[in-house]
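A.B. asks:
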Amino acid sequence: MQRSASGASAPAASSAEAKADTLPRERALLEVARTAFGRSDSAATIAALEKQNRREFPNGKLAEEREALMVEALVEAGRNGEAKARGAEFKKSYPKSILAPAVNDALKSTP
Numbered sequence: 172m173q174r175s176a177s178g179a180s181a182p183a184a185s186s187a188e189a190k191a192d193t194l195p196r197e198r199a200l201l202e203v204a205r206t207a208f209g210r211s212d213s214a215a216t217i218a219a220l221e222k223q224n225r226r227e228f229p230n231g232k233l234a235e236e237r238e239a240l241m242v243e244a245l246v247e248a249g250r251n252g253e254a255k256a257r258g259a260e261f262k263k264s265y266p267k268s269i270l271a272p273a274v275n276d277a278l279k280s281t282p
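Residue 172 is where the sequence shown starts when you use my numbering, and the numbers rise one by one after that.
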């Protein structure tokens, strides 16, 4: 328990509150990846998604967006086998995703 200024015990922040506080950081990291993708820098996009966002927020609120962007970046990088595998996992994990058309379009360009 935390102590207030008066010395009384105050309940610690709930796990939901603590998780909510991470959303701005998760959003910022995803934006770094989107910016790199917009510059057609697939290596930087993948690095931002994999090394930062996925490790720091494996079950984050923006995981669906992260995974869709990852499929697109892998296709752009010519890493077609990985893109297909991630695309299949995306479709399994998010079968009704609004991002499914973007994933499908990206995968259409793979041999």
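Glycine residues also receive a C-beta, built at the ideal position from the N, C-alpha and C atoms.
Predicted, not measured: the structure shown is a model, and the values here were computed from it.
Whether or not the region 217-237 and the region 271-281 are in contact is what I'm after, with contact meaning three or more pairs of Cβ atoms, one per stretch, closer than 8 Å; do they touch?
C.D. replies: No, the region 271-281 does not touch the region 217-237.
A.B. asks: Curious, which full-length alpha helix (DSSP H) runs of at least 4 residues does the region 202-273 contain?
C.D. replies: As far as the region 202-273 is concerned, its whole alpha helix (DSSP H) runs of at least 4 residues are 213-218, 234-247, 251-264.
A.B. asks: Quick check: Ala207 and Ala199, are their CB atoms within less than 8 Å of each other?
C.D. replies: For Ala207 and Ala199, no; Cβs fall outside 8 Å.
A.B. asks: Could you give the DSSP three-state label for Pro195: helix, strand or coil?
C.D. replies: Looking at Pro195 - three-state DSSP - the assignment turns out to be helix.
A.B. asks: Rounded to the nearest angstrom, what separates Ser177 and Gly231 at their Cα positions?
C.D. replies: In this predicted model, Ser177 has a pLDDT of only 47, less than 50, meaning its place in the structure is not dependable enough to derive any value.
A.B. asks: Quick check on the burial criterion: 16 or more other C-beta atoms within 10 angstroms. Buried or exposed for Lys279?
C.D. replies: That one is exposed.
A.B. asks: Less than 8 Å between C-beta atoms, sequence neighbours within five positions excluded: which residues of the same chain meet that for Leu245?
C.D. replies: So the list reads Ser213, Ile217, Asn251, Glu253, Ala254, Arg257, once near-sequence residues are dropped.
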